[in-house]
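Chemist:
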Amino acid sequence: MSTTQKPLTRQCLRAVAFLTASMFFVTTTVWADGVYVVGALISDKPAPSSVPQAVISQSQDLFKTLALPSEFGSIQSSHQGRGNLTVIHIQDAHVNEEAQRNIAAILDYFAGQHGLDTVALEGAEGELYTSLYTFLPFPDARKDVSDYLLKEGRLTGPEYLVFTKRPDLKLFGAEDQDLYEVNRQAYLQTLERKPEIDATLRALGDLLWKAARYVFSDTFYGLMKKRAAFDKDSHELIRYVHALTAQAEKLEIPTHDYAGIESLLFLTELESQIDFDRAESELEALKESLKTQLSEERLKAFLSRNRAFEQKQLPAKEYFSFLEAELQALEGDHAHVLNYLRYRQAYESIHVTLFDEIESLESTVKK
Numbered sequence: 611m612s613t614t615q616k617p618l619t620r621q622c623l624r625a626v627a628f629l630t631a632s633m634f635f636v637t638t639t640v641w642a643d644g645v646y647v648v649g650a651l652i653s654d655k656p657a658p659s660s661v662p663q664a665v666i667s668q669s670q671d672l673f674k675t676l677a678l679p680s681e682f683g684s685i686q687s688s689h690q691g692r693g694n695l696t697v698i699h700i701q702d703a704h705v706n707e708e709a710q711r712n713i714a715a716i717l718d719y720f721a722g723q724h725g726l727d728t729v730a731l732e733g734a735e736g737e738l739y740t741s742l743y744t745f746l747p748f749p750d751a752r753k754d755v756s757d758y759l760l761k762e763g764r765l766t767g768p769e770y771l772v773f774t775k776r777p778d779l780k781l782f783g784a785e786d787q788d789l790y791e792v793n794r795q796a797y798l799q800t801l802e803r804k805p806e807i808d809a810t811l812r813a814l815g816d817l818l819w820k821a822a823r824y825v826f827s828d829t830f831y832g833l834m835k836k837r838a839a840f841d842k843d844s845h846e847l848i849r850y851v852h853a854l855t856a857q858a859e860k861l862e863i864p865t866h867d868y869a870g871i872e873s874l875l876f877l878t879e880l881e882s883q884i885d886f887d888r889a890e891s892e893l894e895a896l897k898e899s900l901k902t903q904l905s906e907e908r909l910k911a912f913l914s915r916n917r918a919f920e921q922k923q924l925p926a927k928e929y930f931s932f933l934e935a936e937l938q939a940l941e942g943d944h945a946h947v948l949n950y951l952r953y954r955q956a957y958e959s960i961h962v963t964l965f966d967e968i969e970s971l972e973s974t975v976k977k
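Residue numbers for the sequence shown follow our numbering, so the first one is 611 and each next one is one higher.
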């Protein structure tokens, strides 16, 4: 059964837009400078002094099976305590539409799968009364306005989720307004002295570089210079990682535990061997060829995985690994396409943890 909604009148749309703007102004710009982000999400009420063992066991089971669809983000670290609360901290990229949409998707996932009911927000104090907005009876108009505000950086992912899909989700500002204001004022005062501070830091940096030339060995000093070049220009990343791993090899420091670094080096090795336009064209042709050669059962699995990948329900790394296995069974020389698929798998293996690996290996080499 489906329902048809009558077209909205201009007056209705204006009312939605006006109330959206009013609610947004009241909850966001009054003292948070228009930006606040997810600090944590809490999927239970405060723990009583005595917690039944069954509740603790249920919380521990949730922790063991905690997962997140790769298209939304990845779990970087975890720690299991002994209480019955589950707290998840989400790293944020301020005023970034894609990041905010992913945050909304993460919260929606945990709300649907694990009963998430409260989101603690940075940059606000106390409960946010989203009902001022969500009571409006025009979901399409609410979504259009929310999409616009999200794109403009005037709405966060949690707000977007509440306004468009989960009106019962509680948003709670975790800040202390007085402390927030003290810190904000300290930041603004520092900004006033920024030119003076920058000049001082540059002068100190120049002195330290001059001293380093006489304090450290030529090898170590050269590595420091490559690191400085990378810090200044991200395009120097590959050059620096090559220098760092070469030095690690000379010092007989094993690098096989640094999966991200190994994937990055593998990518750079493969890149020179691949014509990407040709590879993608050949891959599409081979996929069509596969459809005529697979058994009925394997064809169903093949089409199912293609559909899941297109709908972002299957991780890219898993999909390209599946394609590689299928193409290896085909007759003929498909080395170019297989290299491309290996490249894509390596590319999908690289996460922000790569930079943690670089810091760790760098520290070991320095020591």
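Glycine included, every Cβ here is placed at the ideal spot set by N, Cα and C.
Could you tell me the alpha carbon to alpha carbon distance between H944 and K835, rounded to whole angstroms?
Modeler: 42 Å
Chemist: Roughly how many angstroms lie between the CA atoms of D757 and Y770, to the nearest whole one?
Modeler: Distance between D757 and Y770, taken at the CA atoms: about 8 Å.
Chemist: By the three-class DSSP mapping on this structure, what secondary structure does I716 have?
Modeler: Three-state result, I716: helix.
Chemist: Under 8 Å: do the region 864–875 and the region 931–951 share three or more Cβ pairs, one atom per stretch?
Modeler: no
Chemist: From the DSSP secondary-structure annotation, give me the bridge partner or partners of K780.
Modeler: T728
Chemist: If distances are taken between C-alpha atoms only, which option among F886, E872 and E936 comes closest to T902?
Modeler: It is E936 whose Cα lies nearest to the Cα of T902.
Chemist: If you compare alpha carbons, which of K977, L746, A784 and V792 is closest to T774?
Modeler: L746
Chemist: Determine contact between the region 776–787 and the region 733–750, defined as no fewer than three beta-carbon pairs at a distance below 8 Å.
Modeler: Enough Cβ pairs lie closer than 8 Å, so yes.
Chemist: With a cut-off of 8 Å, do at least 3 Cβ pairs link the region 787–805 to the region 759–768?
Modeler: no
Chemist: Considering just the uninterrupted stretch of the beta strand (DSSP E) at E737, what are its terminal residues?
Modeler: E735 to E737
Chemist: Examine the Cβ distances between the region 708–716 and the region 958–974 and report whether three or more of them are shorter than 8 Å.
Modeler: no
Chemist: Determine the contact status of V772 and T810, defining contact as a CB-CB distance below 8 Å.
Modeler: no
Chemist: Which value, in whole angstroms, describes the spacing of the CA atoms of E890 and V947?
Modeler: 8 Å
Chemist: Buried or exposed: where does R954 fall if 16 or more other Cβ atoms within 10 Å of its Cβ makes it buried?
Modeler: It is buried - the Cβ of R954 has at least 16 other Cβ atoms within 10 Å.
Chemist: Under a Cβ-count criterion, where at least 16 other Cβ atoms within 10 Å of its own Cβ denotes burial, should A895 be classed as buried or exposed?
Modeler: exposed
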